[in-house]
Structure formats: structure tokens, C-alpha cells
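Residue numbers (this note's numbering): -16 to 84.
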């Protein structure tokens, strides 16, 4: 049971991380295009809401856009981490068939 939960959390977390990256990329690409700015996308905005990231996010929300939110990134990363930890732990069901000699 734990093994299945572990795999489920890892897969769901991986999908969440991929969705988070795509959402971040689309949102900040559109912001850069709107501002007619050149350069790289702000990498730190994928995992934090620092001052520049929160300013852009707040402005987008004010105009009715769905701004990128790093909570999806952290939730997905947490799911992957919990899945990995559960996968490392021994499965208690393996001891059910143990019989002393």
C-alpha cells in the first residue's frame, strides 16, 4: 500500500512540477512580450514571490489575468519529496509472512 502511495505521489508531483514550469513559462513569456522586454525569464519567480515577482503578479491580477503562483511548485515538490521518503521506508506488509522457526 505504501509503495503504491509512494509512486502516486512521485508521479502526481512530477506532473505538478511540469504544469508549474509550463504555467511559469507561459505567464512570464507573455509579461516579457507585453513589456517588449528582451532577456531571460526570471528564474527565481518559479519558486518564490520576491519583490519583482510579486509586483508583476499583483499587476496581472489587477488586470484580471491569472498570475503564476509558486505554491503549485512547492506543493508538487513536496509531493515528490514525500513520495521518495515513503519509497525509501521499509514496507510493513513484507513482515506479515514472517514465521519464527
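Built from N, CA and C at the ideal position, the CB exists for glycine as well.
- In this structure, the beta-carbon distance from residue 42 to residue 3 does not fall below 8 Å.
- Here residue 66 is near residue -7, since their CB atoms are less than 8 Å apart.
- Residue burial is scored here from C-beta neighbours: residue 50 has at least 16 other C-beta atoms within 10 angstroms and is therefore classed as buried.
- Burial is judged here by how many other beta carbons sit within 10 angstroms of a residue's own beta carbon; residue 11 has at least 16 and is buried.
- Around the beta carbon of residue 39, 16 or more other beta carbons lie within 10 angstroms, which makes this residue buried.
- Under the 10 Å beta carbon count, residue 33 is surrounded by fewer than 16 other beta carbons and is classified as exposed.
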